[in-house]
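First up is the structure itself, then whatever we jot down about it.
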Amino acid sequence: MQRILIIEDDAAIAHLMESTLRREQYNTIWAADGVQGADLFETGHFDLILLDLMLPGISGFELLEYFVPSKVPVIIISAMGQVENRIKGLKMGADDFLVKPFQIGELLARVESVLRRTGKKETTFSCEEVTVDCDSRVVLKNGQEVELTAKEFDLLTVLIRNRNVALSRCFLYESVWQEEYTGETRTLDNHIQRLRKKLGWNDKIQTVFRIGYRLKM
Numbered sequence: 001m002q003r004i005l006i007i008e009d010d011a012a013i014a015h016l017m018e019s020t021l022r023r024e025q026y027n028t029i030w031a032a033d034g035v036q037g038a039d040l041f042e043t044g045h046f047d048l049i050l051l052d053l054m055l056p057g058i059s060g061f062e063l064l065e066y067f068v069p070s071k072v073p074v075i076i077i078s079a080m081g082q083v084e085n086r087i088k089g090l091k092m093g094a095d096d097f098l099v100k101p102f103q104i105g106e107l108l109a110r111v112e113s114v115l116r117r118t119g120k121k122e123t124t125f126s127c128e129e130v131t132v133d134c135d136s137r138v139v140l141k142n143g144q145e146v147e148l149t150a151k152e153f154d155l156l157t158v159l160i161r162n163r164n165v166a167l168s169r170c171f172l173y174e175s176v177w178q179e180e181y182t183g184e185t186r187t188l189d190n191h192i193q194r195l196r197k198k199l200g201w202n203d204k205i206q207t208v209f210r211i212g213y214r215l216k217m
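Residue numbering for the sequence shown follows UniProt numbering, starting at 1 and increasing by one per position.
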């Protein structure tokens, strides 16, 4: 699970970011000021830093200068959205700049984009005897390749990226088939049944009553 360090002095904003990112299966740690942010950075490995600029103790720009040599990607998230601040942050080495207030969906998109661009996005998943490589679209069980159709693989990927979360049939269908869900469940349910059988995951791909499915990992 990828670790994200959030350095933000506004507790409400930090908690919103934490809860949202955790739902997407990121491991988050929050620092409420610049000094705590620097200390946490020194003591742990992180895949991404979300950095406010106006911080008590040590400013965001000072922290950015400290973080850049480590090659850990940084997204600045700040109300200081003037052009000169955005230019300064990006020239100093930030990977992106998100201006407050922001839509939570945009935050998730920026996080995923930066992790993918910097090669830090998780692309291989393992659960007991099954390994899934999202880049090569190869699934192995006990070292043997499992033949999945394109839609079966896409469905498996959505379940894995949202593991341990109850997902509605509507969300699953529209994520995989890229068309409006009209309430017809046969197509999705058949694909779920085939995944269970091919992977031996009858106990892991769980039916959630009146909602949809959850992959328990």
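We put the beta carbon where it would ideally sit given N, CA and C, even for glycine.
Under DSSP, the beta strand (DSSP E) around residue i begins and ends at which residues?
| i | result |
| --- | --- |
| residue 165 | No beta strand (DSSP E) holds residue 165; DSSP gives it neither H nor E. |
| residue 214 | 212-215 |
Starting from the Cα of residue i, find the closest Cα among the options and give me that residue.
| i | options | result |
| --- | --- | --- |
| residue 217 | 177, 172, 156 and 193 | 156 |
| residue 117 | 170, 130, 94 and 78 | 94 |
| residue 154 | 81, 134 and 164 | 134 |
| residue 211 | 142, 185, 81 and 13 | 185 |
| residue 183 | 193, 59, 169 and 87 | 169 |
Across which residues does DSSP place residue i in a beta bridge pair?
| i | result |
| --- | --- |
| residue 31 | 7 |
| residue 76 | 51 and 97 |
| residue 127 | 130 |
| residue 140 | 131 and 145 |
| residue 20 | Paired residue(s): none; residue 20 is not in a bridge. |
Go ahead and label residue i buried or exposed: buried means 16 or more other beta carbons lie within 10 angstroms of its beta carbon, across all protein chains shown.
| i | result |
| --- | --- |
| residue 109 | exposed |
| residue 191 | buried |
| residue 143 | exposed |
| residue 137 | exposed |
| residue 129 | exposed |
Could you spell out the range, first to last residue, of the alpha helix (DSSP H) harbouring residue i?
| i | result |
| --- | --- |
| residue 111 | 104-117 |
| residue 192 | 186-199 |
| residue 91 | 83-92 |
Rounded to the nearest angstrom, what separates residue i and residue j at their Cα positions?
| i | j | result |
| --- | --- | --- |
| residue 132 | residue 174 | 22 Å |
| residue 28 | residue 5 | 6 Å |
Return yes when the C-beta of residue i is under 7 Å from any heavy atom of the ligand ZN, and no when it is not.
| i | result |
| --- | --- |
| residue 116 | No copy of the ligand ZN occurs in the structure displayed, which carries no ligand at all. |
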